[in-house]
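Chains as they are written, first to last, in the working numbering: chain A, 265 to 580; chain B, 9 to 741. The beta-carbon is built from N, C-alpha and C at its ideal position, and this holds for glycine as well. All values reported here derive from a predicted model rather than from experimental measurement.
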Amino acid sequence: MRAFSYERASTIEAAAKAAASTDGAKFIAGGTNLLDLMKLEIETPTHLIDVNRLGVDRIEPTPEGGLRIGALVRNTDLAADERIRRDYAVLARALLAGASGQLRNRATTAGNLLQRTRCPYFYDTSQPCNKRQPGSGCSALSGFSRQLAVVGVSDACIANHPSDMAVAMRALDAIVETVRSDGTTRSVPIADLHRLPGDTPHIEHVLERGELITAVVLPKPLSGKHIYRKVRDRASYAFALVSIAAVVLPDGTGRVAVGGIAPKPWRDEAAERELPNGARAVTAKLLANARPTEQNAFKMALVERTLSAVLAEARG
Amino acid sequence: MRFDTPAMTNPIDQGKVVGQRIHRIDGPLKTTGRAVYAYEWHDSNGRYVYGYIVGSAIAKGRIRSMDVSAARNAPGVLAVVTSDGIGDLKKGKYNTAKLFGGTEIQHYHQAIAVVVAETFEEARAAAALVKVDYAEEKGAFDLEAAKDTAVKPEEGEPDSAAGDFDAAFETAAVKFDQTYTTPDQSHAMMEPHASIAAWNGDELTVWTSSQMIDWWRTDLATTLGIDKEKVHIMSPFIGGGFGCKLFLRADAVLAALAAREAKRPVKVALPRPFLMNNTTHRPATIQRIRIGAERDGRITAIAHESWSGDLPGGGPEVAVQQTRLLYAGANRMTATRLATLDLPEGNAMRAPGEAPGMMALEIAIDEMAERLGRDPVDFRIINDTQVDPEKPERPFSHRNLVGCLRTGAERFGWQDRSKQPGGRREGNWLVGMGVASAFRNNLLVPSGARVRLDREGIVTVETDMTDIGTGSYTIIAQTAAEMLGVPVDKVAVSLGDSRFPVSSGSGGQFGGNCSTAGVYAACVKLREAVAQKLGFNSPDELTFSGGEVRAGDRRMPLAQAASDEALVAEDRIEFGDLDKTHQQSTFGAHFVEVGVDVATGETRIRRMLAVCGAGRILNPITARSQVIGAMTMGVGGALSEELVVDTERGFFVNHDLAAYEVPVHADIPHQEVIFLDESDPMSSPMKAKGIAELGLCGVAAAVANAIYNATGVRVRKYPITLDKLINGLPEVS
Ligand SMILES: Cc1cc2nc3c(=O)[nH]c(=O)nc-3n(C[C@H](O)[C@H](O)[C@H](O)COP(=O)(O)OP(=O)(O)OC[C@H]3O[C@@H](n4cnc5c(N)ncnc54)[C@H](O)[C@@H]3O)c2cc1C
Ligand code: SF4
């Protein structure tokens, strides 16, 4: 870990400003991802701005009938919130499928969205990795890629986004609220938050330097069956090979977002319209442009099979 | 004491303490955090500083040069010791790859420098500043590709044969020929390798985490080029080892060299990724098994060949050894072949040989049973043997495999198993049951101990035996208590110190039986000393019980023997040829029920049962804990554990515990263990045998067989992950 300076911000504006004015500054929330990466010198911020005391840690109703989740709400608290459990069960289930109790106690809503890939080469600083060191090459393409993405990938990077929470939020069409260093605010639909790797896999989201996530807004609750199904090699404490967040109505229509297969939560509204036609029809559209490796090609069948189990559960 | 005739009735047979359910005597220390592990050692006089390892970033080649100037100038840095700077060091007897020294790189993450600083964080930050110029060379990293270049190893028994396998197989009524693979596996114990080294003049003390104190002491002295007598090793508590701490490792060497350079006591722990690529692992295997049988189910021919790889000078994974002994059959052969690979050093991991060997053999037996149309439990029973099948004149000392299988089948409800694979469905789950035999040889290793009786009647045992979480403290206390007729709380046990008599150490499941036998021997001597001191004629007619010594009407308090000075006795158990005249092995049966998700192919264990026939069980609590731990490890081996080789870059890619997935609690529901009531007078005066590795052997195959029974999909490539299953599962769309 490189030496860094540290400050605890007390207002949102101050935090955003400090981040923009200091080269190499980063926000730290729960630290469950950032600190690990700093220890390995994958992240080397020179300055940390602790956002834990900003007071954005409440869940409040919005005038539109939704909920505004403060950026600092812990994953544990979010999953346990009565309104979330009742009206956004897919989100509560996704949260509880992630990490472990201890980690969820620390992990925050904003930090979870911006957590970085678990590609093993990204984690090994002796190996080439375009995401960690632009231009050095992608070890995973010819190496171990079983966990990685099959769709949305590029020749530069096939990393996947590891979050469970974000997949449910994508199905719910959540909106990410931010404050920029000049004090202006904006709302970014979660669909637009993460970027596909293209030639610049090191740039993972659309936020500007110093832009602080303040909240995630959930629109009005969706009726229908809320299901989160995470497929993994062990029963707990493992990242998803494939995960599915679905909200399905009795007529078979609904929403579906898929995790584990892409650099961002993967949802395709055109594919979704095929829901009444069953899992095969949805998957064919959803993965139409997939480029799996030999090692992760199984995810193609796995998405379809998991989705069909989810749809069966929704019907049942 | 030389043990060369079968044990007669002796004080251990009383079973007042030995064999009882006694909780770990070191438990309170551990649960209250007072058990001091290597890295936590703290002496208020020692101003410890921290060493951080630098590992090679290439798998094979040479260091052209190293630039440590930035590291040296970094804040807090006291010293930087580099392998090219220190020149060639000697290699310990038990190490294959060098732990440190020289410019040659033999494997990824091989230690090439250690940076010492005032704080851990400073040392780690400075270590990242070391710049290395490598001359990289091509290496061999792919066992499959190197298989055909494998040779017959020079040591051991690479080939075995009896009868005429080829002819018998050729003419067998029913034939079977399949190939299986097992991956490289990591020990993945909780406590990483960690050492503190402190020099006092030319004397070195190392607090470390070692299973074998004397091996470490000897090899550390060799590596440093100093006299063994000058080295003091301390390892009283160990957070698991599974074989990864049998042999001297880099942490101890680096700490010693760093402490010498920095002139301060130095702490070095290996960060988690170094566990996979810096230390040892269980090597991957390719195994071919052929079985020929009569239609009635009797095996007439059996062959097992295994290929594995290691660095030059290393050894093979002897995955065929159980096949020489487990089932009958007049015509047999085994062969072990070794390829050269430039991966990190392969070496012993819990039940080396049998663990991967049973993973393959016990699937093969299941497949053959099916081919013969026989129940897999019956097929195993039909082919039981009470003699070494290669040398029928050589009986097993005690063998009740059949009892294990029968008891298990009954207790597990084996008759409810669907005869038809894929025949049982509960909701989204395909449910199946599997069985496998368990088998592991019983090894006998000399072991010494010293016992002391003081005037309070406290018995103190000292031996360099280690407790790697197994319960050594407790069973040793039980042994001394039984022998001297005192309660366990009157026995103090000190372990893991090179100043104590050399023991068997912990490995090869021999530690429990052998170290307690060593304590037994010392206690026999102490009984003699007590008898003499108290004026009894012959110790043989004495009873030691209730803190008293009795003969006829005469009784005296034990403590009285030490009223003027403590009585001390030391002895060592040594074994004759009872393991040559008799085959000594341990037996068991594993039963597993799994559910496989019909859509996703995720396998979840539903319940497990192990039945073990392994001699006297010294303590049912600690023995059970060993077996359920082993069953858990077996589940990992079956379902998820694989060190993934990057065959281009030459290293294990998934080198942390997030990516090398061992089972978590949620993976392990109901586990039950039954011990058959037996004792084996050929094994030692304790009549006990090993249990800790037996519990692992066969588990993965039982899981594999259960998955087959559940789904009808036969996977011969471990681990059995869902990607290997889903194409064979029913349509769900
Ligand atoms: C062993 C392990 C297993 C795990 N398993 C899972 C799993 O199964 N599923 C899963 O979904 N996750 C899993 N995780 C990841 C975990 O969910 C994330 O580490 C966590 O959500 C990150 O939140 P944090 O608050 O700790 O983020 P931090 O580590 O504090 O920050 C992460 C990133 O977000 C940025 N950031 C934080 N707050 C803000 C803000 N307000 N505005 C702008 N940027 C911000 C930081 O600068 C940093 O780049 C696992 C983690 C571990 C260590
Ligand atoms: S997939 Fe992406 S993160 Fe992984 S090695 Fe390639 S570039 Fe790096």
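Beta-carbon proximity list for residue i, same chain, < 6 Å, skipping 5 on both sides
{"i": "residue 491(B)", "result": "19 and 531"}
{"i": "residue 453(B)", "result": "512, 518 and 522"}
{"i": "residue 449(B)", "result": "593"}
{"i": "residue 324(B)", "result": "161, 316, 344 and 346"}
{"i": "residue 218(B)", "result": "224, 243 and 253"}
Contact with chain A by residue i, beta-carbon distance below 8 Å
{"i": "residue 286(B)", "result": "no"}
{"i": "residue 661(B)", "result": "yes"}
{"i": "residue 152(B)", "result": "no"}
{"i": "residue 652(B)", "result": "yes"}
{"i": "residue 681(B)", "result": "no"}
{"i": "residue 602(B)", "result": "no"}
{"i": "residue 671(B)", "result": "yes"}
Within chain D, the residues that residue i reaches when beta carbons sit closer than 7 Å
{"i": "residue 568(A)", "result": "No chain D is present in this structure, whose protein chains are A and B."}
Chain-order list of residues whose beta-carbon lies under 7 Å from that of residue i (same chain, five-residue window excluded)
{"i": "residue 574(A)", "result": "491, 493, 508 and 510"}
{"i": "residue 172(B)", "result": "339"}
{"i": "residue 485(A)", "result": "351 and 352"}
Residue from the options whose Cα sits closest to the Cα of residue i
{"i": "residue 297(B)", "options": "611(B), 733(B) and 724(B)", "result": "724(B)"}
{"i": "residue 544(A)", "options": "513(A), 556(A), 576(A) and 523(A)", "result": "576(A)"}
{"i": "residue 501(B)", "options": "473(B), 534(B) and 388(B)", "result": "473(B)"}
{"i": "residue 591(B)", "options": "487(B), 398(B) and 214(B)", "result": "398(B)"}
{"i": "residue 133(B)", "options": "165(B), 713(B) and 80(B)", "result": "80(B)"}
{"i": "residue 163(B)", "options": "124(B), 57(B), 322(B) and 271(B)", "result": "322(B)"}
{"i": "residue 314(B)", "options": "151(B), 262(B), 231(B) and 263(B)", "result": "151(B)"}
Cutoff 8 Å: residue i Cβ touching any chain B Cβ
{"i": "residue 554(A)", "result": "no"}
{"i": "residue 269(A)", "result": "no"}
{"i": "residue 356(A)", "result": "no"}
{"i": "residue 302(A)", "result": "no"}
{"i": "residue 305(A)", "result": "yes"}
{"i": "residue 543(A)", "result": "yes"}
{"i": "residue 294(A)", "result": "no"}
{"i": "residue 497(A)", "result": "yes"}
{"i": "residue 384(A)", "result": "yes"}
{"i": "residue 291(A)", "result": "no"}
{"i": "residue 265(A)", "result": "yes"}
{"i": "residue 420(A)", "result": "no"}
Residue i to residue j span [Cα, whole Å]
{"i": "residue 92(B)", "j": "residue 267(B)", "result": "18 Å"}
{"i": "residue 116(B)", "j": "residue 67(B)", "result": "4 Å"}
{"i": "residue 391(A)", "j": "residue 560(A)", "result": "21 Å"}
{"i": "residue 229(B)", "j": "residue 393(A)", "result": "41 Å"}
{"i": "residue 335(B)", "j": "residue 656(B)", "result": "40 Å"}
{"i": "residue 70(B)", "j": "residue 260(B)", "result": "24 Å"}
{"i": "residue 448(A)", "j": "residue 277(A)", "result": "9 Å"}
{"i": "residue 212(B)", "j": "residue 338(A)", "result": "49 Å"}
Residues of its chain near residue i, where Cβ-Cβ distance is below 8 Å and the 5 sequence neighbours each way are ignored
{"i": "residue 348(B)", "result": "148, 154, 157, 317, 318, 319 and 320"}
{"i": "residue 571(B)", "result": "463"}
Would you say the region 565 to 577 of chain B touches the region 696 to 704 of chain B, given that touching needs at least three Cβ pairs under 8 Å?
no
Taking 8 Å as the threshold, find out whether the region 338 to 352 of chain B comes into contact with the region 306 to 313 of chain B through three or more Cβ pairs.
yes
Using 8 Å as the cut-off, can you tell me whether the region 262 to 281 of chain B makes contact with the region 241 to 252 of chain B, which would need three or more C-beta pairs spanning the two stretches below that distance?
no
Under 8 Å, with one C-beta from each stretch per pair, do the region 452 to 469 of chain B and the region 726 to 737 of chain B reach the 3-pair mark?
no
Quick check: the region 478 to 487 of chain A against the region 409 to 419 of chain A, are there 3 or more CB pairs under 8 Å?
no
For the region 15 to 32 of chain B against the region 476 to 484 of chain B, do three or more pairs of beta-carbon atoms, one drawn from each stretch, fall closer than 8 Å, so that the two count as touching?
yes
Can you find at least 3 beta carbon pairs, one from the region 83 to 100 of chain B and one from the region 37 to 54 of chain B, that sit closer than 8 Å?
no
Is it the case that the region 426 to 440 of chain B contacts the region 628 to 642 of chain B, given that we only count it when at least three CB pairs across the two stretches are under 8 Å?
no
Check whether the region 556 to 573 of chain B touches the region 43 to 62 of chain B, taking contact to mean three or more Cβ pairs, one atom from each stretch, closer than 8 Å.
no
Cβ contact check for the region 617 to 624 of chain B and the region 42 to 55 of chain B: 3 or more pairs under 8 Å
no
Does the region 661 to 671 of chain B come close enough to the region 190 to 201 of chain B to have 3 or more Cβ pairs within less than 8 Å?
yes
Is it the case that the region 416 to 428 of chain A contacts the region 533 to 549 of chain A, given that we only count it when at least three CB pairs across the two stretches are under 8 Å?
no
Can you find at least 3 beta carbon pairs, one from the region 605 to 615 of chain B and one from the region 670 to 678 of chain B, that sit closer than 8 Å?
yes
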